[in-house]
Each structure stands twice: as structure tokens, then as C-alpha cells.
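First residue of the sequence shown: 2, per the numbering used here; consecutive thereafter.
All residues carry an ideal CB built from backbone N, CA and C; glycine is no exception.
First comes the structure, then the notes that go with it.
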Amino acid sequence: MAKYREQHRRAEEAHRRFEQRIEESCRRTGHGRPVTRREFLGRGLIAGTSTVLLPSVGMLVNQAHAACEIGEAVAGGPYGAGKIPFLAIDQGGGANIAGSNIMVGGAGGQTDFLPDDAYETLGLPAAISPSTVGVNTDFGLAMHPNSALLRGMLDKTTAATRANVNGTVIPARSENDTGNNPHNPMYGIARAGANGEFVVSTGTRNSESGGRSRAPEYMISAELGPTRVSNRNEAIGLSGGEADGFPSGSVATAAQILAQLKLGAINEAEATEELIQCGYDKSVATFNSPILPSDLDPEADADLLSIFPNGEISNNGDFRKAAATMKVVVNGFGGVGTMEYGGRDYHQDP
């Protein structure tokens, strides 16, 4: 009996924590608690069916309207919100970045070197302090010439690419070997406007941030949460996430007409005429500009195959994560992506 009582206690505790998570999410987003279908019907959803369906009618012309007004999506233009792609690399375990791999100096900048004993506390003996061995600035950022991060970056880039790279370092205090460091910037970047055609954000881990480190509590929003993308299949799977395979950017364009009509910016006759005119082109737009699963396949991308040659893209788990995330975010299908890697303890695996 004691065994079953313990199981019952654990089940009740799990349910209590689940309820707490719901309450916390509702508090942050300002939404009410989830309701059942019966509760929806009890609130008069049936009576409001025509109102609920009106936006769906407008969505039928999403791709055609985009073809009429902007044409860019139909012509194979850039996807997403038009922002610079943002990739966050979450190194679990305590990678020693600021002051060791990437130089941090005094008021004069990175090359205003600190005393040697300051760098010694960060794992750089006096014999290899930056004032002794110098720095590497190939990436527009002063890095230690012996840095393992630098070696990897040099191995995967060309001189032409490095010439177009710039960087900065922002030191932040963190604890070793814990997921409680609130350093993941994904929600902040999404709030600044990063968005993709299929998802706002991606992560390689099933967590609130998509990685191991937490995001700052005040930035978290359920609407911006990450979709897991950690391999080729998960990247390709995003193509089924949008109605009819259409990009969400053109959906917003058609929705704008409905908003203008509602606000009186255009009259009903003008809106109807425009929707009918564009509706003629819908079938053409449907077949001329879909996003195919192959468009999200990292193993079909020539650039990624050159970065990860000799089967690396499919045989190495770390590279699979990177390639899948890069394909989705850099091509605009996702706005921001987090790649999480474990075993990066600087005191064990420099």
C-alpha cells in the first residue's frame, strides 16, 4: 500500500506543478486559462461562427495578394522578417569565453590588456598572456591565438568570409555546470522583430529557451517559444507547419486588407474588388512559389556541404545540429535559433 500511496503522491505533485506552469504562463502573457470545447460552446462560439470564419476567407488569397502587391515571395525573394539571421550557441558546462578565448581589456578596449595575473585567474598563464603572444583579429574581434574556438572558426571559414565578419564581446557572470544562467538572448531578439516564415524561433533542446541556459524571465513569452530543430528531419518537418505550405509573411499582407476594411481605411467595394482581382492569380501563385521540403534540407544545401565536407553533416551529431539550425534560420524560415552543446567545461575540455 505504501508503494501506491507514494505513486499517488507523486502524481498529485506532478499535477500541481503542471497547474503552476499554466498559471505562470497565463500571468506572463495576459491570457486566460485554457478552456475545454464544452466551455467554448457555452460561451456562444456557435453563434459567432460567421465572425470566426471571416479571417479564414481572407487567408485564401494570401499568396495571390502577395503576388499582386509585393511580388517578392512569388519571385523567390528573401523570407522572414528581413532581419539579420541570429544564431545563439549555448555551451553547457561552463565554456570560458570572455577573457580567455576572447580578450577582454580595460577602458581602452580589448587590446588594453589587463595585468597578467588577471588573465591567470581565467586560465591563461603569464607565458601565454595576450600581452606576450598577441591576439588574432581575423574575425573583427581580438581572440587568443591559441583559442580552440578560433581554431574551429578558422577551419570552417574562408578568408573572404572572415573579411566580412565583425564581432564584440559582452562579459557576464555565470555559474559553472548549471542551467540557471539567464543568458539566452533568444526571446529578446524575437521581441526586437526577428521572425521566420514558419516559426519565430528554434532550439536544439526541448526547453523554454531551446538550449540549456535560461532566458531572462521578463523576456519570456509563450508566443515566441522555440520549435525543436536539431537534425535534418526536424528541419524538413517545418514545411508542414504553415497552411498550404505558404510563407506567413504573405498571410500578413492579405490580413492587412481586412484590417484596413475594419478600420474604415478602405471601403467594402474597394476591398472586394482587390480580393477578386488577386483571387484570379491564386492558382498560379499556389504552384509557382511553394516552399518545398527540399528547401529546408541541410543535406541538399551546397554551402552547408562545403562547410561540413566528407559526410560531417550527417555523421557528426554536433554538425547535424548546426547544419539544421543554420539552414532554417539563415534562409529565413526561422527568425532566431539556439544550438546547445554539452561537455564544454573549460577545466576539462578546453
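Counted within 10 angstroms of its Cβ, other Cβ atoms place residue i as buried (16 or more) or exposed
i: Val200; result: buried
i: Tyr188; result: buried
i: Asp302; result: buried
i: Asn181; result: exposed
i: Val134; result: exposed
i: Gly93; result: buried
i: Glu224; result: exposed
i: Ala89; result: buried
i: Ser315; result: exposed
i: Glu20; result: exposed
Top-ranked residue by Cα proximity to residue i, from the options
i: Arg233; options: Asp156, Leu306, Met144 and Ser148; result: Leu306
i: Gly238; options: Pro294, Thr205, Ser315 and Ile85; result: Pro294
i: Arg215; options: Asn185, Ser222 and Ser240; result: Asn185
i: Gly81; options: Ala89, Val331 and Leu151; result: Val331
i: Thr339; options: Ala191, Ala15, Glu7 and Glu198; result: Ala191
i: Asp319; options: Asp298, Gly344, Gly180 and Leu297; result: Gly344
i: Lys322; options: Glu20, Pro217 and Asp298; result: Asp298
i: Pro227; options: Phe334, Leu123 and Ala160; result: Phe334
i: Pro183; options: Pro126, Glu14 and Ile221; result: Ile221
i: Arg236; options: Tyr219, Ile292, Glu224 and Ala223; result: Note that residue 236 corresponds to Ala in the displayed sequence, not to Arg. If we check each option's Cα against that of Ala236, Ile292 comes out closest.
i: Asp139; options: Ala128, Glu300, Met154 and Pro217; result: Met154
i: Asp296; options: Ala108, Ser240 and Ala164; result: Ser240
Cβ neighbours of residue i in the same chain (closer than 8 Å, five flanking residues each side left out)
i: Val105; result: Ala99, Gln111, Leu115, Val170 and Pro172
i: Arg18; result: none
i: Val136; result: Met104, Gln111, Thr112, Ala143, Met144, His145 and Pro146
First and last residue of the uninterrupted beta strand (DSSP E) at residue i
i: Ser335; result: It should be noted that the sequence gives Gly, not Ser, for residue 335. From DSSP, the beta strand (DSSP E) with Gly335 extends over Gly335 to Tyr342.
i: Val200; result: Val200 to Gly204
i: Asp156; result: Looking at the DSSP string, Asp156 is not in any beta strand (DSSP E); the run it does join, the alpha helix (DSSP H), is Ala149 to Asp156.
i: Asp117; result: Counting along the chain, Asp117 falls outside any beta strand (DSSP E), though it belongs to the alpha helix (DSSP H) covering Asp117 to Glu121.
i: Leu88; result: Phe87 to Gln92
Distance CB(residue i)-CB(residue j) smaller than 8 Å
i: Ser208; j: Val337; result: no
i: Gly197; j: Asp91; result: no
i: Gly194; j: Arg229; result: no
i: Ser132; j: Asp117; result: yes
i: His145; j: Asn177; result: no
i: Ser175; j: Ala325; result: no
i: Lys157; j: Ile308; result: yes
i: Leu123; j: Asn147; result: no
Endpoints, alpha helix (DSSP H) assigned at residue i
i: Ile237; result: Arg233 to Gly238
i: Ala323; result: Gly318 to Val331
i: Asp304; result: Ala303 to Ile308
i: Met144; result: Where Met144 is concerned, there is no enclosing alpha helix (DSSP H), given that its DSSP letter is neither H nor E.
i: Pro227; result: Where Pro227 is concerned, there is no enclosing alpha helix (DSSP H), given that its DSSP letter is neither H nor E.
i: Arg192; result: Met187 to Arg192
i: Pro131; result: Pro131 to Val134
i: Arg163; result: Ala160 to Arg163
Close beta carbons around residue i, own chain, < 7 Å, minus the five adjacent residues each side
i: Arg206; result: Gly212, Arg213 and Glu341
i: Glu13; result: none
Cutoff 6 Å; reference residue i; Cβ partners in own chain excluding five residues on either side
i: Ser130; result: Asp117 and Tyr120
i: Asn167; result: Gly141
i: His16; result: none
i: Ala127; result: Asp117
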